[in-house]
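Just so you know, the protein sequences line up as chains A and B, in that order. So for the first sequence, the numbering used here puts the first residue at 1; every next one is plus one. So for the second sequence, the numbering used here puts the first residue at 457; every next one is plus one. Glycine residues also receive a C-beta, built at the ideal position from the N, C-alpha and C atoms. Structure record follows, encoded as structure tokens.
Protein chains: 2
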Amino acid sequence: MNNTVLNYLKENRANHLTALYDFLKIPSVSTDSAFKEDVKKAGQYVYDYLKEIGFSHLETIETKGHPIIYGEYKGAGQEAPTVLLYGHYDVQPADPYDEWESDPFIPEERNGRIYARGASDDKGQVFMHLAVFEAFMKTEGKIPVNLKVVIEGEEEIGSENLYVYLNNHKEKLAADFTVISDSGMVAEGQPTILYGLKGFTGIEIEVTGPDHDLHSGMYGGAVKNPAMALAQILATMKNIDEYITVDGFYDDVENLTEKERELIKSVEGENYLKTTGTIQTVSEKGYTVKEHIMARPTFEINGMYSGYQGEGTKTIIPATATAKITCRIVPNQDPEFIQDLLEKHIMKNKPAGVKVKVKKEKLSAKAYKVEPTHPLILRAAESYKRAFNKEAVFVRMGGSIPVVEWLDDLYGNPIVLLGFGTPDDRLHSPNESFPLNSFDLGMETLVHYWSTFKKE
Amino acid sequence: MNNTVLNYLKENRANHLTALYDFLKIPSVSTDSAFKEDVKKAGQYVYDYLKEIGFSHLETIETKGHPIIYGEYKGAGQEAPTVLLYGHYDVQPADPYDEWESDPFIPEERNGRIYARGASDDKGQVFMHLAVFEAFMKTEGKIPVNLKVVIEGEEEIGSENLYVYLNNHKEKLAADFTVISDSGMVAEGQPTILYGLKGFTGIEIEVTGPDHDLHSGMYGGAVKNPAMALAQILATMKNIDEYITVDGFYDDVENLTEKERELIKSVEGENYLKTTGTIQTVSEKGYTVKEHIMARPTFEINGMYSGYQGEGTKTIIPATATAKITCRIVPNQDPEFIQDLLEKHIMKNKPAGVKVKVKKEKLSAKAYKVEPTHPLILRAAESYKRAFNKEAVFVRMGGSIPVVEWLDDLYGNPIVLLGFGTPDDRLHSPNESFPLNSFDLGMETLVHYWSTFKKE
């Protein structure tokens, strides 16, 4: 029944890939102010595309940071549902550059994948929606649902300004439900319904000792080494059983039910040794890797630096040492409360002779969980199955999408996560990529999904 | 009796400062290959100066790394002693550049000090010898001692090639004793006889987890975080009492005698809170700061790095984490043995799920101690006193000069350390400087010292 639309996508595949590559070529790195203009360009790309395919009301909403692109489509008629579609056009930094096999901002096709920063997270998946809308408009003259499209440029830095916008425009953005494609599947070709996401919070620890780098011979024995002080602090926060040894950290964590453990067990996990390249997987004592990733909180050092990092040796006692830390949290844990616990623990455990500052990252979100049996979710499972010719699995994932929690909190509409990424995509890492298989079958899934809302 | 020589130095002070500044302007950073040509230029500067003032035999000795400058003076005659003079023309890196109040390689005079990288360590002190030799030649037509001058360009990176040279040219470099000016005084204007130096050894720890940076949401709970693994390892190596908790580390350390504790106590120490800018001094439990610096071994993290260090947050699990560590060791401790102990401890304490590599730095030296009552030492004390008009104090210091230990080991000649640096010089740090007072009175001290060898 959707053959005309699907055929259009097949016939225009080459053009669509070219158009996607133009999108990916824009280095829209939101975290680094040096790329501000490029971020703007990427937003403009979305704006122009929506305009081109006939969206009525279009806006570039300026914010304190990067702009939000908004577009409306009302052509589906009164009785058709209105869908809020969310995505982001910004990307993670590409460094370390020299670890990329091809330029992060010159897309390249290798072994059935598109290699580029943002290919999977999230430009590639945003583009798939644009192309599918285009296909409906060009073939059937209309899209089966009314749309309110919100594509932001600050997802990788916390979506602060999006939150303000969502909070101030509840009526304008009112919809029957929300669709987001910024997630993945448990394996390439395996349709996956995400019914739970982790929340997220972060801090930065800065340890200061002397007010300048000191000669380690002249002053070794006179001052506390800030790098050692930081190591000693961090070592009190997690033990070798991967248990987070911060007072109260687990107090609000709900225990895993046997039923959910069964469900998690039933999901065919990826080959973690292969996808991570580690010599041995490590998870919290008493929990499997899949259980830890899906349902247990995490504490990760994202970055750590102190003193001399150049060639050769420099015999100094560094003046400062810093660690960037983020935690993924589970339902019932409160991000701000966790930040307070971390700060309290750090201050209680800091050694003498150093000053310690704990900076609480604004970026934070509660965890999210939906009912896997919701009709909108079951429609999604059905559409996946038709496209991929395989039953969908239902999983929770360790990732966080703050906007999901906010939309749930502010709007209370059902949220459908239609993700097409795969474990091999190397999100946030060198050599990010996205399978052409997901590109093709993902768009087919979207076509089927929107078509379920057609009035016969 | 030395007035003509001293007057010459007074009359030519301006010229000498200009000449010194030309020397300091050359960014001879030996540790960074980007400065290779500049290091060469600095060596050439020394060569030309020695030639200019009439040194007979001159050589630029090429090595695997940076060249050694050698110059001979035989004008003092058969009965005069022959002195081996050592110094270095290379400097530490200047980074972090933005913490310098004036350009590290554009010398500037402020509040009675010369600000520039190398002003104190060691270009400034090498230059003082050159100027003093010039003064003797221009006034008395000769220098009171015969000289074998060895000025190298790799002191800041371990003097590896110098060692080879010293080891292969024992006859050529044979001398009655050795003089080195690459050390300091306990306070500005306080003549100081250094009768002991610490040895030195270093390692680099590299921890590897996944083979690429991972998304902390997708893989948090599957792998060991290398930065946390590194912190956990480091925290096992030193406790909060500043005691190095590595099996056997202190086995060869000789206990401090009450007599030496008295001697150390008698030395007026610097104001460590002021010179280090720390909120509280910290030293090994049971030892004063001065005792720890002078006579107890140290373990310092010089640099530590892992993952994302840029603006904002990047939610990754880093692939690797690295720490650069150096230890200052005391008499009887063996550098290679200490490296082995550190490696053994690290391998024993590394957590599961990471690979750990321990790289042993070649840079290493045993500690050194001389008899404070040696006649050549007493001559030095006397010369300091005449110039600074103050009795010299006798101290051991926490710093290491590998070449001192090597010369002792290979040649066995007495070594006289005539140092004029001060605790405020900020060696190896931003805003390194050298007092004009040390420049003037230090040269006067050298004039007096060489003059004690005149035949009346």
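Cross-chain neighbours of residue i in chain B, by beta carbon under 9 Å
| i | result |
| --- | --- |
| Pro-430(A) | His-668, Asp-669 |
| Gly-199(A) | Here the premise fails: no neighbours, minimum Cβ distance about 10 Å. |
CB contact flag (residue i, residue j, <8 Å)
| i | j | result |
| --- | --- | --- |
| Ala-532(B) | Ile-599(B) | yes |
| Ser-615(B) | Gly-875(B) | no |
| Ala-80(A) | Phe-453(A) | yes |
| Arg-784(B) | Phe-656(B) | yes |
| Asn-805(B) | Ile-781(B) | no |
| Val-358(A) | Ile-233(A) | no |
| Met-185(A) | Thr-178(A) | no |
| Leu-9(A) | Ala-119(A) | no |
| Val-547(B) | Ile-525(B) | no |
| Val-98(A) | Leu-427(A) | One point to set straight first is that residue 98(A) is Asp, not Val, in the sequence displayed. Not closer than 8 Å, so no. |
| Val-528(B) | Leu-603(B) | A small fix is needed here, since residue 528(B) is Glu in this sequence, not Val. Yes; because the gap between Cβ atoms is below 8 Å, this pair is in contact. |
| Met-750(B) | Met-853(B) | yes |
Opening and closing residue of the beta strand (DSSP E) in which residue i lies
| i | result |
| --- | --- |
| Met-853(B) | 849-853 |
| Thr-771(B) | It is not in any beta strand (DSSP E) - Thr-771(B) carries neither H nor E in the DSSP assignment. |
| Val-606(B) | 602-608 |
| Pro-430(A) | Careful: Pro-430(A) lies outside any beta strand (DSSP E) and carries neither H nor E. |
| Val-253(A) | Element bounds for Val-253(A): n/a, residue is neither H nor E. |
Beta-carbon neighbours of residue i, restricted to chain A and to distances below 9 Å
| i | result |
| --- | --- |
| Tyr-905(B) | Result: empty, since nearest Cβ-Cβ is about 24 Å, beyond 9 Å. |
| Thr-516(B) | The premise fails here: Thr-516(B) is roughly 23 Å from chain A at the closest Cβ pair, so nothing lies under 9 Å. |
Contacts that residue i makes with chain A (C-beta to C-beta distance below 8 Å)
| i | result |
| --- | --- |
| Gly-855(B) | His-215, Gly-217, Met-218 |
| Thr-737(B) | Ala-222, Val-223, Gly-353 |
| Gln-864(B) | A small fix is needed here, since residue 864(B) is Asp in this sequence, not Gln. Ordered by position in chain A, no residue passes the 8 Å Cβ test against Asp-864(B), which lies about 18 Å from the chain. |
| Gln-548(B) | Lys-314 |
| Gly-609(B) | The premise fails here: Gly-609(B) is roughly 14 Å from chain A at the closest Cβ pair, so nothing lies under 8 Å. |
| Leu-883(B) | His-215, Met-218 |
Whole-angstrom distance between residue j and residue i, CA atom to CA atom
| i | j | result |
| --- | --- | --- |
| Tyr-221(A) | Gly-353(A) | It is Gly, not Tyr, that sits at residue 221(A) in the sequence shown. Going by the C-alpha atoms only, they are around 12 Å apart. |
| Ser-429(A) | Asp-340(A) | 30 Å |
| Leu-540(B) | Leu-629(B) | 7 Å |
| Leu-819(B) | Asp-440(A) | 58 Å |
| Lys-138(A) | Gly-421(A) | 27 Å |
| Ser-672(B) | Leu-130(A) | 29 Å |
| Glu-792(B) | Arg-752(B) | 18 Å |
| Leu-194(A) | Lys-259(A) | 17 Å |
| Glu-900(B) | Glu-740(B) | 39 Å |
| Leu-38(A) | Ala-490(B) | Checking the sequence shown, residue 38(A) turns out to be Asp, not Leu. When rounded, the distance between both Cα atoms is 32 Å. |
| Asp-697(B) | Ala-367(A) | 41 Å |
| Leu-618(B) | Glu-610(B) | 8 Å |
| Lys-841(B) | Gln-646(B) | 9 Å |
| Ala-550(B) | Ile-794(B) | 30 Å |
| Leu-166(A) | His-88(A) | 14 Å |
| Glu-371(A) | Gly-196(A) | 9 Å |
| His-513(B) | Pro-879(B) | 37 Å |
| Ala-777(B) | Leu-686(B) | 7 Å |
7 Å Cβ cut-off: residues of chain A touching residue i
| i | result |
| --- | --- |
| Glu-590(B) | Result: empty, since nearest Cβ-Cβ is about 30 Å, beyond 7 Å. |
| Ala-777(B) | Met-304 |
| Gly-665(B) | Thr-278 |
| Gly-658(B) | Thr-313 |
Partners in chain B for residue i, counting only beta-carbon separations shorter than 8 Å
| i | result |
| --- | --- |
| Lys-74(A) | Here the premise fails: no neighbours, minimum Cβ distance about 36 Å. |
| Ala-392(A) | Residues of chain B passing the Cβ test: none, with the nearest at roughly 19 Å. |
| Ile-338(A) | The contacting residues do not exist; Ile-338(A) stays about 14 Å from chain B at best. |
Contacts of residue i in chain B (Cβ-Cβ under 7 Å)
| i | result |
| --- | --- |
| Lys-324(A) | Tyr-764, Thr-769 |
| Ala-235(A) | Ala-687, Gln-688, Ala-691 |
| Ile-317(A) | Glu-756 |
| Lys-238(A) | Met-684 |
Alpha helix (DSSP H) segment containing residue i, residue limits
| i | result |
| --- | --- |
| Glu-662(B) | Premise fails: Glu-662(B) lies in the beta strand (DSSP E), 655-664, not in any alpha helix (DSSP H). |
| Tyr-477(B) | 469-480 |
| Glu-508(B) | 492-508 |
| Met-684(B) | 682-690 |
| Thr-139(A) | 123-140 |
| His-748(B) | 745-751 |
* Mind checking the stretch 301-314 of chain A against chain B and listing, in chain order, the residues whose C-beta falls within less than 8 Å of any C-beta there? => Ile-301, Asn-302, Gly-303, Met-304, Tyr-305, Ser-306, Gly-307, Tyr-308, Gln-309, Gly-310, Glu-311, Gly-312, Thr-313, Lys-314
* Check each residue of the stretch 248-273 of chain A: if its Cβ is closer than 8 Å to any Cβ of chain B, include it; give the result in chain order. => Tyr-272
* At a Cβ cut of 7 Å, what residues of the stretch 363-377 of chain A count as close to chain B, listed as they run along the chain? -> Leu-363
* Asked: Any residues in the stretch 540-569 of chain B with a beta carbon nearer than 9 Å to a beta carbon of chain A? Which ones, in chain order?
  -> Gln-548, Pro-549, Asp-551, Pro-552, Glu-555
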